[in-house]
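Data block below; observations after.
There are 2 protein chains.
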Amino acid sequence: MSTKIAEEIQARAPLSKERVLGTAVALADQGGIEAASMRKIAQELGVVPMALYKHVSGKEELLDGLIDVVVGEIDAPAGDTDWKTAVRERILSARRALLRHPWASKIMESRTTPTPTVLAYMDSMIGTFRAGGFSVDLTHHAMHAMGSRLMGFTQELFNDRSEAEPAVDTEMWTALAGLYPSIFEICQAVSHDDASVVGPGCDDQFEFEFALDLLLDGLEKLRDRS
Amino acid sequence: MSTKIAEEIQARAPLSKERVLGTAVALADQGGIEAASMRKIAQELGVVPMALYKHVSGKEELLDGLIDVVVGEIDAPAGDTDWKTAVRERILSARRALLRHPWASKIMESRTTPTPTVLAYMDSMIGTFRAGGFSVDLTHHAMHAMGSRLMGFTQELFNDRSEAEPAVDTEMWTALAGLYPSIFEICQAVSHDDASVVGPGCDDQFEFEFALDLLLDGLEKLRDRS
DNA sequence: ACCTGAACACCGTTCAAGT
DNA sequence: ACCTGAACACCGTTCAAGT
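Chains A and B supply the protein sequences, listed in that same order.
Oh and the first sequence: position 199 is 230 in my numbering, straight run, nothing missing.
Oh and the second sequence: position 183 is 214 in my numbering, straight run, nothing missing.
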């Protein structure tokens, strides 16, 4: 029976940690973070849930592994430029990785201890600052100031933009204008067309780079001052 | 039977939305976010879980309510100062509220749509920028650049600091030095005492204000340039 | 010795049965 | 008409039973 053989092969398939993480990433990419539960990963692999615990000590280690996959996709630092473009390019690469895996930021936020892969990334980033002439202290503050933006986070409030937003009609629009006039003023400026339809929304990439450059420029000035 | 009477009184106690949110906040303050489950809130109130659904449509609305409680604790904007100290003071007030309720940041990160209370807070903050001479566009960028820091977020990676950290011994310390030399260098500078013990750690308040001022100063320069 | 099915202790929420 | 107990569909993980 070929079915039997197929089952045998599947059963004997190594089921390494890589395979577990790989299917977890695939499931999360496809169905969001809650699609990457222990039970669903096991089901996808044609395996009983407990079988995963041979390759991963538990949910925590699985989440750490998922982060490592994403961090592993960040480009290596460009060695032939100044600190500023090196940091900038690397962070933009991190952002691209995060956009490829929208579930990753939520996991990172939930993590409590950095993995060796993340530590290596941070260490490398610190090294770039130091090589750029930043003192130990200023580098320290710089890393804190960059915060999770180092990992490519947009770190905005309510950055859903997922569910095709429920078509703001004129009634809601005028209500907005009355209740929150300052928000209204900005929304109106962002949407180029007339006020009856909500515009194309914000340019996330522009806003990310704006904030990034604001920080980098500020840090550069602090470096030059000392 | 006084017991019966007590039960009757408790049963007849209004069980308003305020009471539900109040006990939820108390439970979360005391036992973290997972202590504020529907079932545990109901148990604390001596009520069947489903009874909560009379005052709260579901878990989502409960979480929104919890955020509103925290945002409600942020001081009103000081009206008699320049935009910079007004923004600064308000954000530091938000940070204080968040430190009082450490569970709140995780909930805010999980939220997808802002509540009216949060919108009002944002609207007020935008108004402060505008009154400070910022153009509509620059104010827009400023709000994005501030991001969740507006709510008092430290938004750092791995800001646990909760579990009394497991006493870094000399062995780990030298391993750190070898694997992550740049991180080691910074840790060494932060901890004033000798290298055998990890020092007092970072001054979170200082780092928060450092990053905040870096952004505010940069924004001020951009405003003056136009 | 190894693997795994059933069970445990949760969770938010539905729904029909009881008053 | 109102309230609520049991049940549903999940979750991560323990543990003992089966091979």
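All residues carry an ideal CB built from backbone N, CA and C; glycine is no exception.
Residue burial is scored here from C-beta neighbours: A:M203 has fewer than 16 other C-beta atoms within 10 angstroms and is therefore classed as exposed. Our two residues, B:V102 and B:V118, have alpha carbons roughly 15 Å apart in a direct line.
Separation of the CB atoms of A:I214 and B:M139 is rounded to 18 Å, and the pair is thereby denied contact status at 8 Å.
Boundaries of the alpha helix (DSSP H) harbouring A:R50: 48 to 62, taken from the DSSP string. Taken in chain order, the whole alpha helix (DSSP H) runs of length 4 or more contained in the stretch 89 to 119 of chain B are 90 to 102.
In the three-state reduction of the DSSP assignment, B:Q186 falls in the coil class, being assigned neither a helical nor a strand state. Per DSSP, A:G249 is one residue of the alpha helix (DSSP H) stretching across 235 to 256.
For A:A67 against A:A55, the beta-carbon gap comes to about 5 Å, under 8 Å, which counts as contact. Counting C-beta atoms within 10 angstroms of its own C-beta, B:T112 has fewer than 16 neighbours from the protein chains shown and is therefore classed as exposed.
Cα atoms of B:S124 and B:T170: separation of roughly 21 Å, rounded to the nearest angstrom. Excluding five sequence positions before and after B:L93, the CB atoms of its chain that fall closer than 6 Å to its own CB belong to V87, given in chain order.
B:D95 and A:G164 have their C-alpha atoms some 45 Å from each other. No Cβ-Cβ contact shorter than 8 Å links A:M174 with A:L129.
The three-state secondary structure of B:H171, taken from DSSP, is helix.
Of the residues assessed, A:R121 falls on the buried side of the cut-off, its CB having 16 or more other CB atoms within 10 angstroms.
At a cut-off of 8 Å, the C-beta of B:E238 has a neighbouring C-beta in chain A.
For B:D95, not one C-beta of chain A is nearer than 8 Å to its own C-beta. The continuous alpha helix (DSSP H) containing B:Y152 extends over residues 147 to 162.
Closer than 8 Å to the CB of B:I217 there is at least one CB belonging to chain A. Taking 8 Å as the threshold, the shortest C-beta distance from A:E140 to chain B falls below it.
Annotated as proximal: A:L245 and B:A176, with beta-carbon spacing under 8 Å. The C-beta distance from A:I98 to A:R131 rounds to 14 Å, too long to fall under 8 Å, and the pair is not in contact. Taking 8 Å as the threshold, the shortest C-beta distance from B:L246 to chain A falls below it.
DSSP places A:W204 in the helix class (H, G or I) of the three-state scheme. In the displayed model, A:A67 falls within coil according to three-state DSSP, outside both helix and strand.
Interface with chain B (8 Å Cβ-Cβ cutoff): A:M153 is included. In the displayed model, B:P80 falls within a helix according to three-state DSSP. For A:P212, the enclosing alpha helix (DSSP H) starts and ends at 212 to 221. Going by beta carbons, A:A220 and B:V167 fall inside the 8 Å limit. Residue environment analysis places A:F239 among the buried positions, since at least 16 neighbouring C-beta atoms fall within 10 angstroms of its C-beta.
In this structure, B:K137 lies away from B:I217, with their beta-carbon atoms at least 8 Å apart.
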